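Chains as they are written, first to last, in the numbering used here: chain P, 52 to 233; chain L, 1316 to 1570. Don't be surprised by glycine CBs; every beta carbon is placed ideally from N, CA and C. Values in this document were obtained by computation on a predicted structure and should not be read as measured data.
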């Protein structure tokens, strides 16, 4: 999606508003901007291109059918799509029905990462924070996020105390936040 | 704003969808009551979105776009809504009408008792329709471009910008009316904020005044149960901001 969002005139909020009235071109523009994010997240979770394509389809169809699920006043669209894609992919991985009502999900992220150059810098920073994280902390965080393991499952897998895993996960998440809000 | 530390770790796990059973219910009950922790949950999801972004790189094959656009083309055509804020209204009206028709068809050949039930339902539905119609008229009057707004002031003072926010906390219902507002600069809009007693301002709608300086925000999406200390208006980019980026041009207090 790098650079895509910086070359367009319409804001995400404008395009989502157009989707409400059935504007297919608006949907195509949002797909151009954010399909790579949704697909990448699903692929990382599922490790299977066909399954990731299914999640991509499902997430964008959800946006088309219920654009009101995303409130542009209360969050960023790429952040919302990434979180919804991850949750749907984990549901698929664990072969369970969708657990979260998408209208319940508000994703607050500052600054908005939709811009091209800003996006590249942010991505570099995110990867740098992850690379600098203690390996056990990063591993616990990624197992929880990309594999959908519960803290109990991670504790069982690693042989470490439950409290340690909980702390590692929270500290890891806050490290990401701190990098953007020092 | 500070979150409740005893929930800090569980909130992270909740954001990950890793809490189950009683632990999950405890957190959800707390979230229902605590705006600070709800806000923290939104921030945690933002942090996790960054983690999700770390996976970005692969692009989907071209066929995915074709598949999506083909699926969208097959969906029922969506009616153009005159205004988004009337969407709930249309749903209620249609739901009542469809329900009445279905019941009428289903019960047509049934015994007199069932017919009586249908009759009662139709009466009830008609009453609801009447109430909905009256409420709609009221809202239309408040927001109609034809409505003439009079601002009463003492003596010969010129009319000042005014805003009136009517807020019901339990149902998160907000009606906001403004008058005599100066126009906003290009690519800007007024943004209304609910300032809670604890926690950060919550966006409560974007608006631009009409040629006479009048504006309205009716039932913007808001979290339920938030106690409002006051409301404020700032000038923000047209697409809105998630938190105020300028000094409020108007601030009020409850009354």
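- Residue state for residue 1334 of chain L is assigned as coil, using DSSP reduced to three classes.
- Chain-order list of chain L residues neighbouring residue 178 of chain P: 1369, by C-beta distance under 8 Å.
- By the rule that beta-carbons nearer than 8 Å mark a contact, residue 1504 of chain L does not touch chain P.
- Counting only the Cα atoms, residue 210 of chain P lies some 22 Å from residue 1332 of chain L.
- In this structure, the alpha-carbon of residue 1356 of chain L lies about 6 Å from that of residue 1330 of chain L.
- Looking at the DSSP output, residue 1477 of chain L bridges to L:1494.
- DSSP, reduced to helix, strand and coil, places residue 136 of chain P within a helical segment of the structure shown.
- Across the segment 73-93 of chain P, CB contacts with chain L closer than 7 Å involve 73, 75, 78, 79, 82, 86, 87, 88, 90, 91, 92, in sequence order along the chain.
- In this structure the segment 1357-1375 of chain L touches the segment 213-228 of chain P; the number of beta carbon pairs closer than 8 Å is three or more.
- When C-beta atoms of the segment 199-207 of chain P are compared with those of the segment 1331-1347 of chain L, three or more pairs fall below 8 Å, so the two segments count as touching.
- When DSSP states are grouped into helix, strand and coil, residue 1546 of chain L belongs to the strand group.
- One alpha carbon belongs to residue 185 of chain P, the other to residue 1324 of chain L, and they sit about 19 Å apart.
- Excluding sequence positions up to five before and after residue 95 of chain P, its CB lies within less than 7 Å of the CB of 197, all in the same chain and listed in chain order.
- What residue 1327 of chain L touches in chain P, judged by beta-carbon distance under 8 Å, is 217, 220, 221, 224, going in chain order.
- Of the candidates L:1527, L:1482, L:1515, L:1550, L:1550 places its Cα closest to the Cα of residue 1504 of chain L.
- Put simply, of L:1376, L:1375, L:1382, L:1365 the residue whose alpha carbon is nearest the alpha carbon of residue 127 of chain P is L:1365.
- Residues are counted here when their Cβ sits less than 7 Å from a Cβ of chain P; for the segment 1526-1559 of chain L these are 1536, 1554, 1555, 1557, given in chain order.
- The continuous beta strand (DSSP E) containing residue 1532 of chain L extends over residues 1530-1533.
- Sequence-distant Cβ neighbours of residue 1567 of chain L in its own chain, meaning closer than 6 Å and more than five residues away, are 1545, 1546.
- P:107 is the residue among P:75, P:143, P:107 whose C-alpha sits nearest the C-alpha of residue 132 of chain P.
- Proximity of residue 1383 of chain L to chain P, defined by a Cβ-Cβ separation below 8 Å, is satisfied.
- The Cβ-Cβ distance between residue 1559 of chain L and residue 1508 of chain L falls below 8 Å.
- Collapsing the DSSP output to three states places residue 1488 of chain L in a strand.
- Per DSSP, reduced to three states, the secondary structure at residue 119 of chain P is helical.
- Per DSSP, residue 1520 of chain L is not a residue of any alpha helix (DSSP H); the beta strand (DSSP E) it occupies stretches across 1517-1522.
- In the displayed model, residue 1526 of chain L falls within coil according to three-state DSSP, outside both helix and strand.
- Taking the Cα of residue 1387 of chain L as reference, the smallest distance to any Cα among P:120, P:97, P:116, P:129 is reached at P:116.
- In the DSSP assignment, residue 1552 of chain L is bridged to L:1503.
- Using a CB distance cut-off of 8 Å, residue 141 of chain P counts as an interface residue toward chain L.
- Between the C-alpha atoms of residue 1502 of chain L and residue 208 of chain P there is a straight-line separation of about 53 Å.
- Non-local beta-carbon contacts of residue 213 of chain P in its own chain, meaning distances under 8 Å to residues more than five positions away in sequence, involve 202, 203, 206 in chain order.
- In this structure, DSSP gives residue 184 of chain P a state outside helix and strand, which the three-state scheme calls coil.
- When C-alpha distances from residue 1528 of chain L are compared across L:1478, L:1326, L:1359, the shortest belongs to L:1478.
- According to the DSSP secondary-structure assignment, residue 131 of chain P is paired through a beta bridge with no residue.
- Bridge partners of residue 1511 of chain L according to DSSP: L:1543.
- In this model, residue 88 of chain P and residue 105 of chain P are separated by some 14 Å (Cα to Cα).
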